[in-house]
Amino acid sequence: MSESPQLLSGDEAIALAALHAGVRLGTGYPGTPSTEILETFDRLGGRAQWSPNEKVALEVGLGAAFGGARTLVTMKHVGLNVAADPLFTATYTDLAGGLVLVSADDPGMASSQNEQDNRHYARAAAVPMLEPIDSQQAYDLTLLAFEISERWQIPVILRITTRVCHSKTIVRPGATPHLAPEPDFARNIPSRVMIPAYAKPAHRRLREKIAAIAAWNDAQGPHQIFDGGSALGIIATGIAAVHAREAAPQARLLTIGMTHPLPLETIRRFAAGCDRLVVLEEGDPVLVEALGAAGIPAEGKPESFRFGELSVQRVRRILAHDQTPEPVPPKGKPPELCQGCSHRGVFEVLRDMNCIVAGDIGCYTLGVLPPFQAMDTCVCMGASIGVGLGLRHVLPEEQARRVVSVIGDSTFVHSGITGLAEMVYNPPKTGHVVMILDNGTTAMTGQQEHPGTGRTLHHDPTGKICFEDLARAMGVQNVHVVHFQSEEGTLERLLKDLLTRSETSLVVARQPCVLAAPKIRFYEKAAADRLQAACPSQLADD
Amino acid sequence: MNNVTNIVIAGLGGQGVLKASDILADAAFRAGFDVKKSELHGMSQRGGSVSSDVRFGEQVWSPMVPAGEADVLVVLEETQVEINRGVLRPGGALIGPDLIGPNVLKTRKSLNVALLGALSALLEIPQEHWDAAIHANLETKLHTLNEQAFALGRAAAAQRVTPA
Ligand SMILES: Cc1ncc(C[n+]2csc(CCOP(=O)(O)OP(=O)(O)O)c2C)c(N)n1
Ligand code: SF4
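Residue numbers (the numbering used here), protein chains in the order written: chain A, 1 to 542; chain B, 1 to 164.
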């Protein structure tokens, strides 16, 4: 296919490649900077779905791949922590269709709670990993990832970083659309049922696959050498490669497209031709340590460059051994909750009641900043409930009675339900109060649907989880809904009452996100119109 | 690298900084340049500082404009001028929001495109590519309004561009 060149973000390029690769199903959970991949795939006509969380997304993807379909699974870096359990054993199995897992890392934490480096997962779980340097490579390496995945029947991780995801660069799409065979179940028990008897040989097979892929990577992997003088050789991965090319155009440069398993012989040959060898990588010293272990000595970067993104200036500093303090960029204005945001009223009440707030992740995390400063903990999605319960268990009663767990609607579905089970099963002596801030969307990442909205990724109506019913069915003692129409002071009175009881309580504070509200109304109207067109009599009966 | 043009567009969330950089990058792409555009975004909430880098030329490597190397800084909000000034190279041009008087535009929402008009006076991108980029990146009902804003900005720049 010779499509004309396009200016695409890395995320868009992956979606386009997935379409050309014949992906039958894309699954994932939103998370910056990965969110736009599935949204674009859907817009291009692919079949994409949001799962409740990343673990489920990977499991659905795995099932599709067992069934013979090419599958794309997307998440942000911390999402892979949630999906790690299926990942570490999925690698033991033999897939039928290709499965590519996109992990979007966020060095510099533009929009994340940590800057973990997911290259460690490639080694830990023995998964091949590809790392594009721009949108063209994001496109090319996605296609390649599917080929590798199918050839060795193994999941492949495509690791991208914020700058690759969100930078737009020119892409020349060149793929002939892949004609995938129709999915068809072929039973293969020893390679898919991981009981010890089958897992033991499976582990050996996995190591053989990785060794074979390493040899392939050396022979024809997606690395590239830019010629230059022998005085300085640079080995770079991801976005660091383009910074390096700009900062040191005179240097010899080896960019490595598949960073696990490494093309060690290629690297060894490259190293032999350089007087000075520097490894440029964002995040942890993963590559430089791997080279050291393989007996290829190379210079890494000083510890201070582990933190934050790299840039052309920072690469110049590393190359020049410049250890002077880096200039601190002037602080911009931090984001704040929108005017009219429903979270505002909740945090005013929590602040005024001097609550100890076990918080969670979403727009509402901004409740930690002035003028509210009404959040005391925030660790990972879903942690608010467990952390709140832990505080309740050990604090003196006067303090324990002020502890409230606050969690968003999307976050609750993602990983709050098990927290609720814990509350019912191990209730603190003083009871506990959990608040779901239900604004009808996943606002933080750009207003995605989730199982509590009752609409699919494509915004079509589907099954809907009712938080109140769920909590009652699970055995939570007090379940209340506070609507935005409720009279002033309702939430405060309710919380005061619940905090004095030694019972388990859930309060759903329900008011749509002001940015999402017009779209929600639009989707609701479209669904109602369609229903009426399809079945006018039924509506008349209601 | 000296044939690469570096532009930084800055402002506050909700002002259309990213839309403006999309239009600029698209216009440069249509004009046949190698283009890279980069920014950090993600959080939905309005109001925080936002900036976007656009680089174009024969061949562009890094998508980020190195500090002190921007040829032009376009700023949509007065309070954001000082914190971004450091991106400009010596002799680089600043296009600030004060270029467009308070009641000149039908809506202040098109300030982003008006300032692109001002920027266009400094760049060698033919008008037809700007038009096409505006059309491709904005809803049809917004085309006329933004074409007018663009023309206004371009005229204003012909009179005055603040030296940095
Ligand atoms: C494991 C994991 N996946 C994804 C994310 C990205 N993320 C942070 S908060 C959030 C959901 C926010 O939605 P919600 O809880 O409804 O709160 P809102 O932003 O709407 O206030 C997402 C997807 C993350 N931080 N961690
Ligand atoms: S995007 Fe929605 S949830 Fe987020 S701050 Fe704005 S109104 Fe609140």
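Every residue gets a Cβ at the ideal spot worked out from N, C-alpha and C, and that includes glycine.
Quick caveat: nothing in here was measured; it's all calculated off a predicted structure.
query, result
"Taking the alpha-carbon positions, what's the residue 1(A) to residue 215(A) distance?", "Unreliable placement is indicated for residue 1(A), whose pLDDT of 48 sits below 50; no coordinate value is reported for it."
"Any beta-carbon of chain B closer than 7 Å to the one on residue 12(A)?", "no"
"Taking Cβ-Cβ distances below 7 Å as the criterion, which residues of the segment 244-260 of chain A are in contact with chain C?", "Checking the listed chains, one finds no chain C in this structure; the protein chains it contains are A and B."
"Look up residue 150(B) in the DSSP assignment and say whether it is helix, strand or coil.", "helix"
"So if I threshold CB-CB distances at 7 Å, which residues from the segment 42-74 of chain B count as touching chain A?", "42, 43, 44, 45, 46, 47, 48, 49, 61, 62, 63, 64, 66 and 67"
"Which residues in the same chain have their Cβ closer than 6 Å to the Cβ of residue 35(B), if we skip the five residues on either side of it in sequence?", "25, 28, 29 and 56"
"Along chain A, which residues have their Cβ under 9 Å away from the Cβ of residue 9(B)?", "Correct list: empty, because the minimum Cβ distance to chain A is about 14 Å."
"If you draw a straight line from the C-alpha of residue 18(B) to the C-alpha of residue 177(A), how long is it?", "32 Å"
"Rounded to whole angstroms, what is the Cα-Cα separation between residue 13(B) and residue 188(A)?", "53 Å"
"If you pair each beta-carbon of the segment 456-474 of chain A with each one of the segment 55-68 of chain A, do three or more pairs fall below 8 Å?", "no"
"Just checking: is the beta-carbon of residue 164(B) within a distance shorter than 7 Å of some beta-carbon in chain A?", "In this prediction, residue 164(B) has a pLDDT of 45, which is less than 50 and means its spatial position is unreliable; nothing more can be read from the coordinates."
"Under 9 Å Cβ-Cβ, which residues of chain A neighbour residue 86(B)?", "327, 329 and 330"
"Which residues in the same chain have their Cβ closer than 6 Å to the Cβ of residue 3(B), if we skip the five residues on either side of it in sequence?", "57 and 58"
"For residue 512(A) and residue 492(A), I'd like the C-alpha separation in whole angstroms.", "20 Å"
"In this structure, what does DSSP give as the bridge partners for residue 461(A)?", "455(A)"
"Going by beta carbon distance, what residues of the same chain come within less than 7 Å of residue 445(A), once the five residues before and after it are set aside?", "30, 31, 32 and 35"
"According to the neighbour-count rule (16 or more other Cβ atoms, all chains shown, within 10 Å of its Cβ), is residue 426(A) buried or exposed?", "exposed"
"Determine the DSSP secondary structure at residue 95(B), reduced to helix, strand or coil.", "strand"
"For residue 511(A), return the contacting residues in chain B, with the cut-off set at a CB-CB distance below 8 Å.", "Per Cβ cutoff of 8 Å: no residues; residue 511(A) is ~16 Å from chain B at best."
"Can you tell which of 235(A), 313(A) and 153(A) has the C-alpha that lies nearest to the C-alpha of residue 66(B)?", "313(A)"
"Check the Cβ of residue 12(B) against every Cβ in chain A and list those closer than 8 Å, keeping chain order.", "333"
"Could you please give me the residues that DSSP links to residue 7(A) through a beta bridge?", "170(A)"
"In the segment 157-170 of chain A, which residues sit with their C-beta less than 8 Å from some C-beta in chain B, listed in chain order?", "162, 163, 166, 167, 168, 169 and 170"
"Go ahead and label residue 37(B) buried or exposed: buried means 16 or more other beta carbons lie within 10 angstroms of its beta carbon, across all protein chains shown.", "buried"
"Looking at the unbroken beta strand (DSSP E) that takes in residue 127(B), where does it start and where does it end?", "No beta strand (DSSP E) contains residue 127(B), which is instead part of the alpha helix (DSSP H) from 127-137."
"Is it buried or exposed for residue 438(A), if we count other Cβ within 10 angstroms and need 16 for buried?", "buried"
"For residue 336(A), go through chain B and note every residue whose CB falls closer than 9 Å to its CB, in chain order.", "45, 46, 47 and 48"
"Heavy atom of ligand 1 less than 6 Å from the Cβ of residue 381(A), yes or no?", "yes"
"Step through the CB atoms of chain B and report whether any lies within less than 7 Å of the CB of residue 287(A).", "no"
"Check the Cβ of residue 35(B) against every Cβ in chain A and list those closer than 8 Å, keeping chain order.", "7, 168, 169 and 170"
"Three-state secondary structure (DSSP) at residue 55(B)?", "strand"
"Would you mind telling me which residues of chain A sit closer than 9 Å to residue 29(B), beta carbon to beta carbon, in chain order?", "5, 6, 7, 168 and 170"
"Please state the DSSP three-state secondary structure of residue 208(A).", "helix"
"Could you check what DSSP says for residue 89(B) in three-state terms: helix, strand or coil?", "strand"
"At a CB-CB cut-off below 8 Å, which residues of chain B make contact with residue 242(A)?", "61, 62 and 63"
"For residue 286(A), which residues from the same chain have a beta carbon less than 6 Å from its beta carbon, with the 5 sequence-adjacent residues on both sides left out?", "119"
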